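Worksheet for the structure shown next.
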Amino acid sequence: MNVFGKSTPAEPLVSRDSVSTTASPLSASQLKDDGYEAGALAGVASGALARAAAQELLASAAEFTLIETLNSQTRDRFADLAESAASSSSAKELSQCNDQLDEYASHVSVLERHVANFELVAAELDDYTRRLEESVRRRIVYPYAMPPQPPLAAAANTRTAP
1 MNVFGKSTPA EPLVSRDSVS TTASPLSASQ LKDDGYEAGA LAGVASGALA
51 RAAAQELLAS AAEFTLIETL NSQTRDRFAD LAESAASSSS AKELSQCNDQ
101 LDEYASHVSV LERHVANFEL VAAELDDYTR RLEESVRRRI VYPYAMPPQP
151 PLAAAANTRT AP
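Residues in the sequence shown are numbered consecutively from 1, following the UniProt record's numbering.
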């Protein structure tokens with residue numbers, strides 16, 4: 001990327017061999033300040049140095065982009081982990097509440113069995129009370145009561161002779 005934020009095509013990296021344009025060591029006559037060779041070599045060297053600096057900037061920009069990408073992925077991953085940790089904490093609390101409710105559920109089932117037994121005993125006592133009332137009525141009330149009279153006989157007893 002250049003200064004204005006636009007990406008530029010990557011140039012090949014500069015090596016030591018590509019900086020030097022001569023195959024053999026330079027002679028003293030070639031390194032004179034007023035010689036043609038020294039100026040050309042200085043231009044080549046400064047151009048190579050500029051290309052190397054540009055490559056370093058491109059590599060640094062690519063590394064910076066990579067670090068930004070890794071940073072955002074790490075941030076997202078930690079957000080997911082934080083959510084997962086909160087969920088597991090909630091799940092642990094729910095598990096503890098469930099264990100406590102299981103204890104109460106066992107108490108409720110015991111109470112339910114006791115209530116069913118009480119209902120059974122109450123039904124048996126109700127039957128026994130009904131039979132006892134019938135027995136008492138037969139032995140105490142009916143022997144002293146007047147037997148019911150037929151309707152015709154009752155009408156004959158109410159008439160008087162003239």
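Idealized CB from N, CA, C, for every residue including glycine. Please read all numbers here as calculations on a predicted model, not as lab measurements.
(request) Compute the Euclidean distance between the alpha carbons of Ser-87 and Phe-78, then round it to the nearest angstrom. (result) 14 Å
(request) Express the C-alpha separation of Ser-106 and Cys-97 in angstroms, rounding to a whole number. (result) 14 Å
(message) Classify Val-115: buried if its beta carbon has 16 or more other beta carbons within 10 angstroms, exposed otherwise.
(response) With fewer than 16 other Cβ atoms within 10 Å, it is exposed.
(request) Work out the CA separation of Thr-65 and Ala-52 for me, nearest whole Å. (result) 20 Å
(message) Quick check on the burial criterion: 16 or more other C-beta atoms within 10 angstroms. Buried or exposed for Ser-84?
(response) Per the 10 Å Cβ criterion, exposed.
(request) Ignore the nearest five residues each way along the sequence and tell me which others in Val-14's own chain have a CB closer than 8 Å to its CB. (result) The predicted position of Val-14 is uncertain, since its pLDDT is 48 and thus under 50; no value can be drawn from it.
(request) Have a look at Arg-130 and Glu-103 and give me their C-alpha separation to the nearest angstrom. (result) 41 Å
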